[in-house]
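Participant: This is the structure, below, for whatever I ask next.
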Amino acid sequence: MLSEKAVKMKINKLQKRILITLLVLCLITPAGILLPMVFNAGDAWGEWSAQTLKDLIGYVPKGLEKYSGVWNAPLPDYTLNTDDASVVHQSGYYIVSGLVGATATYIVMLLISKLIIRNGK
Amino acid sequence: MHIPDGYLSPQTYIPLIGVFVATAAVAVRKVKNEVSARNIPYLGMAAAFAFIIMMFNLPVPGGTTGHAVGSAVIAILFGPWAATIAVSVALIIQALVFGDGGITAIGANCFNMAVFMPFVAYYLFKILSHNPAKKVRVYIAAFISGYIGLVFTALLTATELGIQPMIASTSDGKALYCPYDLSIAIPAMAIEHLLLFGIVEGIITALIVSYFLKNEPGIIYAFRKGGKNENQ
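First to last, the sequence lines map onto chains C and F.
Just so we're aligned: the first sequence equals residues 1 to 121 in the working numbering.
Just so we're aligned: the second sequence equals residues 122 to 353 in the working numbering.
Here is the structure:
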């Protein structure tokens, strides 16, 4: 009994440590927008907007034009305001997006797991 | 590596949605049978980790950006089927809420990063490392599985993009979807992942596997599965 409790405690401690690590990672996510700025790097390959693609090849492919507006995400590009030029503000928006997205992902995955896993071992 | 809407033709994205849905259905059954309820919190954290790690865009100086995915380490720790579900949840939320990756491309993106990548990485790790006591070998195997897993996934993504000009063009030779063919897509995606993003994925995989080996070795799926005592 005691050992079982000890195992459980240890697991909880590790899980708590992982959660704290994930939270810290969320808080430093702005590195993911600042580093590309510092090193003058643009979009990921193959992820250009229709406008950027037009600048690259001179036209917007017809099918791409048709599909590219098919979905309006509530928080596009992990920001609350795409027009805000302030790097500090964008860093803040990025952190908020990270916290919102990671929390939603965590909760959805927990719910799915609880629904499908029936194995109590 | 998140393919946006409009880069893939329906002839490409519809079959990939089918393949992904079928694989996800198998994954649900597998996870139901082989994952203990005690590990549920870990699965939630694994999915959240995949979400967060993909926000760390890394620059190729003066060029493009890219990122690690986390599928390799999740597959080694919790199994490739659990990784399929966890990374899919992250990718679908990225597409729906943040517009990162297209809605029509959800099947393709999930197949690439949440099915193909965890399975490549997992079986590579299994081939390279069997014995958790040989620690250095475990770390090297983990690095290689993350590195090769991401590079191969980049090549698969590049192939899906690069075949578009062959599938659909207008009569005057203009592309309908992704305008770059294989001769451009493959080298572009291969080089950046070989030289930078793959290395980062490898390091992350090795570091986290070593952390679990030290703190919670019993949980590591890759060392529990496939042995003589395996029950499922």
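Glycine is no exception: its CB is placed at the ideal position from the N, C-alpha and C atoms.
Classify lysine 349 of chain F as helix, strand or coil using the three-state DSSP reduction.
Facilitator: The predicted position of lysine 349 of chain F is uncertain, since its pLDDT is 44 and thus under 50; a value taken from the coordinates is nonetheless stated next. Correct three-state label for lysine 349 of chain F: coil.
Participant: Of the residues F:Ala216, F:Lys335, F:Tyr301, which one's Cα is nearest the Cα of histidine 123 of chain F?
Facilitator: Checked all of F:Ala216, F:Lys335, F:Tyr301; the closest Cα to histidine 123 of chain F is F:Ala216.
Participant: Quick one, are the C-beta atoms of threonine 205 of chain F and alanine 242 of chain F less than 8 angstroms apart?
Facilitator: Cβ atoms of threonine 205 of chain F and alanine 242 of chain F: not closer than 8 angstroms.
Participant: With 8 angstroms as the threshold, decide whether the Cβ of proline 182 of chain F is near any Cβ in chain C.
Facilitator: Answer yes: the Cβ-Cβ gap between proline 182 of chain F and chain C drops below 8 angstroms somewhere.
Participant: With a Cβ-Cβ cutoff of 8 angstroms, do proline 253 of chain F and leucine 334 of chain F count as a contact?
Facilitator: Yes, Cβ-Cβ distance for proline 253 of chain F and leucine 334 of chain F is below 8 angstroms.
Participant: Looking only at DSSP bridge pairs, what is glycine 187 of chain F linked to?
Facilitator: The partner list for glycine 187 of chain F (beta bridge, DSSP) reads F:Leu179.
Participant: Please state whether DSSP places alanine 85 of chain C in a helix, a strand or coil.
Facilitator: The answer is coil: DSSP assigns alanine 85 of chain C none of H, G, I, E or B.
Participant: Examine the Cβ distances between the region 148 to 165 of chain F and the region 297 to 312 of chain F and report whether three or more of them are shorter than 8 angstroms.
Facilitator: No, the region 148 to 165 of chain F does not touch the region 297 to 312 of chain F.
Participant: Is the CB of aspartate 302 of chain F under 8 angstroms away from at least one CB in chain C?
Facilitator: No, its Cβ sits nowhere closer than 8 angstroms to a Cβ of chain C.
Participant: Measuring CB to CB, does isoleucine 195 of chain F end up less than 8 angstroms from glycine 101 of chain C?
Facilitator: Not a contact, by the Cβ cut-off of 8 angstroms.
Participant: Secondary structure at lysine 5 of chain C, three-state DSSP: helix, strand or coil?
Facilitator: Reliability fails at lysine 5 of chain C, whose pLDDT of 48 lies under 50, so the model's placement of it is uncertain and the value that follows must be treated cautiously. Helix, per DSSP.
Participant: Run down chain C in chain order and give the residues with a C-beta less than 7 angstroms from the C-beta of alanine 211 of chain F.
Facilitator: The contacting residues are Thr105.
Participant: Taking the alpha carbon of isoleucine 325 of chain F as the reference point, which residue from F:Ala289, F:Ile248, F:His188 has its own alpha carbon closest?
Facilitator: Checking every option, the nearest Cα to that of isoleucine 325 of chain F belongs to F:His188.
Participant: Using only alpha-carbon positions, find the residue among C:Ser97, C:His89, C:Gln15, C:Thr82 that is nearest to alanine 167 of chain F.
Facilitator: Comparing Cα-Cα distances from alanine 167 of chain F to each of C:Ser97, C:His89, C:Gln15, C:Thr82, the minimum goes to C:Gln15.
Participant: By the criterion of Cβ-Cβ separation under 9 angstroms, what are the contact partners of proline 125 of chain F in chain C?
Facilitator: The contacting residues are Gly46, Glu47, Trp48, Ser49, Leu64, Tyr67, Ser68.
Participant: Whose C-beta lies closer than 8 angstroms to the C-beta of proline 36 of chain C among residues of the same chain, with five residues either side of it excluded?
Facilitator: Once the five neighbours on either side are set aside, the close Cβ partners of proline 36 of chain C are Gly42.
Participant: Just tell me which of F:Ile261, F:Met238, F:Cys299, F:Ile284 has its CA closest to the CA of glycine 270 of chain F.
Facilitator: Here the closest residue by C-alpha is F:Met238.
Participant: For valine 181 of chain F, which option in F:Arg345, F:Phe219, F:Gly319 has the closest C-alpha, if you only look at C-alpha atoms?
Facilitator: For valine 181 of chain F, the nearest C-alpha among the options comes from F:Gly319.
Participant: Ordered along the chain, which non-local residues of its own chain (more than five positions away) have a Cβ less than 6 angstroms from that of leucine 75 of chain C?
Facilitator: Excluding residues within five positions, the ones whose Cβ falls inside 6 angstroms are Ser97.
Participant: With respect to the alpha helix (DSSP H) encompassing isoleucine 325 of chain F, which residues constitute its N-terminal and C-terminal limits?
Facilitator: It spans 319 to 336 - the alpha helix (DSSP H) in which isoleucine 325 of chain F sits, taken as one unbroken run.
Participant: From leucine 198 of chain F to valine 330 of chain F, what distance separates their C-alpha atoms?
Facilitator: Distance between the alpha carbons of leucine 198 of chain F and valine 330 of chain F: 7 angstroms.
Participant: If tyrosine 78 of chain C sits next to glycine 127 of chain F, beta carbons under 8 angstroms apart, how far is it from one beta carbon to the other, in whole angstroms?
Facilitator: About 20 angstroms; that fails the 8 angstroms criterion.
Participant: Just list the alpha helix (DSSP H) runs in the region 57 to 107 of chain C, keeping only unbroken ones of 4 residues or longer that don't cross its boundaries, in chain order.
Facilitator: You should have 62 to 68.
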